[in-house]
Amino acid sequence: MNAVCVTGLRKAYHDNVVLDGVDLDIGEGEVFALLGPNGAGKTTTVRILSTLIPADAGTATVLGHDLRTGAGAVRAGIGVTGQFSAVDNLLTGAENLLLMGRLLHLPAAQRRARATALLERFDLVEAARRLPATYSGGMRRRLDIAMTLMGRPRLIFLDEPTTGLDPRSRHTMWQLIRDLATEGVTILLTTQYLEEADQLADRIAVLDHGRIVADGTPAELKRRIPGAHIRLRFSDAASLDAAAGALPDGTRDDAELALRVPHEGGIGSLRAILARLGDGVAVADLSIHTPDLDDVFFALTAKESR
Amino acid sequence: MTALADATTMFGRELRHTVRYPLMLIASIVSPVVFLLLFVYVLGGPIGGGIGAAAHGAPYVDFLVPGILMMTVAAGTSTTSINVCTDMTGGIIDRFRTMAVSRGAVLSGHVGANVARTLLTTAAVTAMALLVGFRPEATAAGWLGVAGIVLAFSVALAWLSVAFGLVAKTVAGANSATLPLQFLLPFLSSAFVPAAAMPAGIRWFAEHQPFTAVVESLRALLAGRPAGTTGYVALAWCAAIALAGYLWARAAFRRGTR
């Protein structure tokens, strides 16, 4: 059973179409990234799937329950960390967690044990008795996620979990997300950072203007656009000439004494290129370039933003 | 059962907020006390001389205090409206709404906390009134009636201020929305001067608006007289305001935050 099944999801505010027929399938235990620029509809998708707002059209099943008829059952199994921190600013870190425990109707002992464990796990033990006003951005975000985890959700929505964080906090957050994934929790995260989706997600859907414009593993998405190549650099023009003769499909860069040779990826293709080059040509430097998600992203969304 | 447990949790949360940030609570005691002192010591002389039979022969302070008590109940609306709006704009209500928490618990927690705070502030203001010469003649049953009307009025205004807090876009707006409840309606009631002393149009309004029914009931009970029909009118108004506020709040809460 898939954790999330969505077909034809639509949402508009007056004339402003935010979601224009979104289809999504997220497997149990998968880390799924919804990638897109600001205004693409990422947050709206999360708000619909987490039962906050109704869709105008389309069907959505979350954890096996239809959103329209089983919202209560959906809520019992999900955890949501929104884009803006949803912590109680007048309660300490520990009190925030205990409040969640009460609302989840956990028995007192379990409530305390779970809160203590989460404070330790999220490195908030020292801050536990302080108000969130004294926290850094990263600490607030960690408390926010710890609150989400009090109920051991099977599916977690993370809406732009690292937006506004400094690089160190971002890496801490990535590690936390990876740890959650190892525990088998299904994660739907939204991000506008391509690197983040690449780092964390098993599968990525690129959302643009309310439509999914591409969907697949990071590797599949990268393969969808050309641009993978090997770059060979030489110490003199004679070597470059020799290499260009041996590899006629390469593109010369005379100024840099470099040759750019298309490469499908994988060791086999690399060996074949080197074999064609032969032993006689002295190569000063070799580097392998795979397109990154930025290339994918711009290729997929370019026509829209013109 | 879970609905009650959730409401209790939210009530506890609000009480903790009040303890942690008591400034609003203090303000909702200080503000009516300032009016009390102002009207007793500064304006009370000429006003007291002019109200005549409406005072039933008692000093102006005895006429005034029921109005001040009503103002104290109304002063609590600001806190509730602001707290609800802070919750809404701070994102935490969205968190609650994605949890399997009973829907109305957040709001009833706010209403409960409002009532609890109001019982405290009205007690404090009553004590202050006794210090400046207020001499109630209420019977035990009369005091019970006073407590009942304060309670009913507090519940009514609490639901209304919850709705204000839900529909306000900013915390400042949530506060402003309660200003008519805190000042305009008390002044356009018989809280400070009898309605009979007002110009015709305003007099009609003052005689028929809920704040007057509330203040007249409190005044009768505190003076040791039965509240009579006015008491039932006041309770009916409270029930109507509470119901309207509740329905409005429920609709606003369902509509969501954005």
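Which chain is which? The protein sequence lines are H and X, in order. Numbered continuously in this note's numbering, the first sequence closes out at residue 306. Numbered continuously in this note's numbering, the second sequence closes out at residue 1258. Built from N, CA and C at the ideal position, the CB exists for glycine as well. As the structure is a prediction and not an experimental result, all values here were calculated from the model.
7 Å Cβ cutoff met for residue i and residue j
{"i": "I204(H)", "j": "A33(H)", "result": "yes"}
{"i": "V1215(X)", "j": "M1071(X)", "result": "no"}
{"i": "T186(H)", "j": "L155(H)", "result": "yes"}
{"i": "P1066(X)", "j": "L1222(X)", "result": "yes"}
{"i": "A282(H)", "j": "S239(H)", "result": "yes"}
{"i": "A1105(X)", "j": "L1015(X)", "result": "no"}
{"i": "G164(H)", "j": "A127(H)", "result": "no"}
{"i": "L124(H)", "j": "V87(H)", "result": "no"}
{"i": "V1162(X)", "j": "V1084(X)", "result": "yes"}
{"i": "G1109(X)", "j": "F1011(X)", "result": "yes"}
{"i": "P291(H)", "j": "Q192(H)", "result": "no"}
{"i": "L1188(X)", "j": "A1206(X)", "result": "yes"}
{"i": "L259(H)", "j": "L286(H)", "result": "no"}
{"i": "L188(H)", "j": "F157(H)", "result": "yes"}
{"i": "N96(H)", "j": "M147(H)", "result": "yes"}
{"i": "A1168(X)", "j": "A1177(X)", "result": "yes"}
{"i": "I212(H)", "j": "V22(H)", "result": "yes"}
{"i": "T81(H)", "j": "I26(H)", "result": "no"}
{"i": "V1040(X)", "j": "V1132(X)", "result": "yes"}
{"i": "F234(H)", "j": "L257(H)", "result": "yes"}
{"i": "I78(H)", "j": "P153(H)", "result": "yes"}
{"i": "L1218(X)", "j": "V1101(X)", "result": "no"}
{"i": "D294(H)", "j": "L207(H)", "result": "no"}
{"i": "T1121(X)", "j": "I1029(X)", "result": "yes"}
Cα-Cα separation between residue i and residue j, rounded to whole angstroms
{"i": "D159(H)", "j": "S169(H)", "result": "16 Å"}
{"i": "H289(H)", "j": "A214(H)", "result": "22 Å"}
{"i": "F1164(X)", "j": "G1224(X)", "result": "36 Å"}
{"i": "D249(H)", "j": "I273(H)", "result": "10 Å"}
{"i": "V1073(X)", "j": "P1180(X)", "result": "13 Å"}
{"i": "A228(H)", "j": "H263(H)", "result": "6 Å"}
{"i": "L67(H)", "j": "C5(H)", "result": "10 Å"}
{"i": "G70(H)", "j": "T1089(X)", "result": "27 Å"}
{"i": "A1123(X)", "j": "A1239(X)", "result": "23 Å"}
{"i": "I48(H)", "j": "T1098(X)", "result": "10 Å"}
{"i": "S85(H)", "j": "R1095(X)", "result": "10 Å"}
{"i": "T1009(X)", "j": "P1059(X)", "result": "45 Å"}
{"i": "A1172(X)", "j": "S1081(X)", "result": "10 Å"}
{"i": "G1044(X)", "j": "L1036(X)", "result": "9 Å"}
{"i": "L277(H)", "j": "F297(H)", "result": "34 Å"}
{"i": "T51(H)", "j": "L131(H)", "result": "29 Å"}
{"i": "L1064(X)", "j": "L1023(X)", "result": "26 Å"}
{"i": "L1243(X)", "j": "A1158(X)", "result": "11 Å"}
{"i": "A1267(X)", "j": "D179(H)", "result": "A question about residue 1267(X) goes unanswered here, because the residues of chain X that appear run from 1001 up to 1258."}
{"i": "N2(H)", "j": "T182(H)", "result": "18 Å"}
{"i": "L24(H)", "j": "T61(H)", "result": "10 Å"}
{"i": "L98(H)", "j": "L300(H)", "result": "45 Å"}
{"i": "R1117(X)", "j": "G1057(X)", "result": "33 Å"}
{"i": "S1031(X)", "j": "L1038(X)", "result": "11 Å"}
{"i": "L35(H)", "j": "A73(H)", "result": "27 Å"}
{"i": "T217(H)", "j": "P161(H)", "result": "20 Å"}
{"i": "E30(H)", "j": "T45(H)", "result": "17 Å"}
{"i": "P1046(X)", "j": "R129(H)", "result": "55 Å"}
{"i": "A1141(X)", "j": "A1227(X)", "result": "11 Å"}
{"i": "W1237(X)", "j": "P1210(X)", "result": "6 Å"}
{"i": "I1149(X)", "j": "T1170(X)", "result": "31 Å"}
{"i": "L1025(X)", "j": "T1077(X)", "result": "11 Å"}
{"i": "A284(H)", "j": "A219(H)", "result": "29 Å"}
{"i": "L167(H)", "j": "R114(H)", "result": "Per the sequence presented here, residue 167(H) reads as Pro, with Leu not at that position. Roughly 29 Å between the two C-alpha positions."}
{"i": "H1208(X)", "j": "A1220(X)", "result": "17 Å"}
### Task
Could you pull out every unbroken alpha helix (DSSP H) segment of at least 4 residues lying fully inside the stretch 1032-1105 of chain X, listed in chain order?
1044-1050, 1060-1090 and 1092-1097
### Task
Would you be able to state if there are at least three C-beta pairs under 8 Å between the stretch 1186-1195 of chain X and the stretch 1246-1255 of chain X?
no
### Task
Scan the stretch 1092-1105 of chain X for residues whose Cβ lies nearer than 9 Å to a Cβ of chain H and list them as they occur along the chain.
I1092, I1093, D1094, R1095, F1096, R1097, T1098, M1099, A1100, V1101 and A1105
### Unbroken stretches of the beta strand (DSSP E), 3 residues or longer, contained in the stretch 63-104 of chain H
78-81
### Message
I'd like to know if the stretch 98-105 of chain H and the stretch 34-48 of chain H are in contact, where contact means that at least 3 CB-CB pairs between them fall below 8 Å.
### Response
no
### Task
Could I get the ranges of all uninterrupted beta strand (DSSP E) runs contained in the stretch 173-225 of chain H, with 3 residues as the minimum, in chain order?
186-191, 203-208 and 211-216
#### Entry: Three-pair Cβ contact test at 8 Å for the stretch 119-132 of chain H versus the stretch 6-14 of chain H
no
### Message
Taking beta-carbon pairs under 7 Å, can you tell me which members of the stretch 1003-1019 of chain X lie near chain H?
### Response
A1005, D1006, T1009, R1013, R1016 and H1017
### Task
Determine which residues of the stretch 20-54 of chain H have a Cβ less than 7 Å from any Cβ of chain X, and write them out in chain order.
S50, T51, L52 and I53
### Query
Given a limit of 8 Å on CB to CB distance, which residues of the stretch 83-96 of chain H reach chain X?
F84, S85, A86, V87, D88, N89, L90, L91 and E95
### Task
Return the residues of the stretch 70-82 of chain H that lie within a Cβ-Cβ distance of less than 7 Å from chain X, sorted by chain order.
G72, R75, A76, I78, V80 and G82
### Message
Which residues of the stretch 201-221 of chain H have a Cβ closer than 9 Å to any Cβ of chain X? Give them in chain order.
### Response
none
#### Entry: Residues from the stretch 1064-1092 of chain X in contact with chain H, defined by Cβ distance under 8 Å
G1090, G1091 and I1092
### Task
Identify each residue in the stretch 1220-1251 of chain X for which the Cβ-Cβ distance to at least one residue of chain H is less than 8 Å, and report them in chain order.
none
### Query
the stretch 1018-1044 of chain X: which residues have C-beta closer than 7 Å to a C-beta of chain H, in chain order?
R1020 and Y1021
### Task
Quick one: which residues of the stretch 172-188 of chain H get their C-beta closer than 9 Å to a C-beta of chain X? List them in chain order.
none
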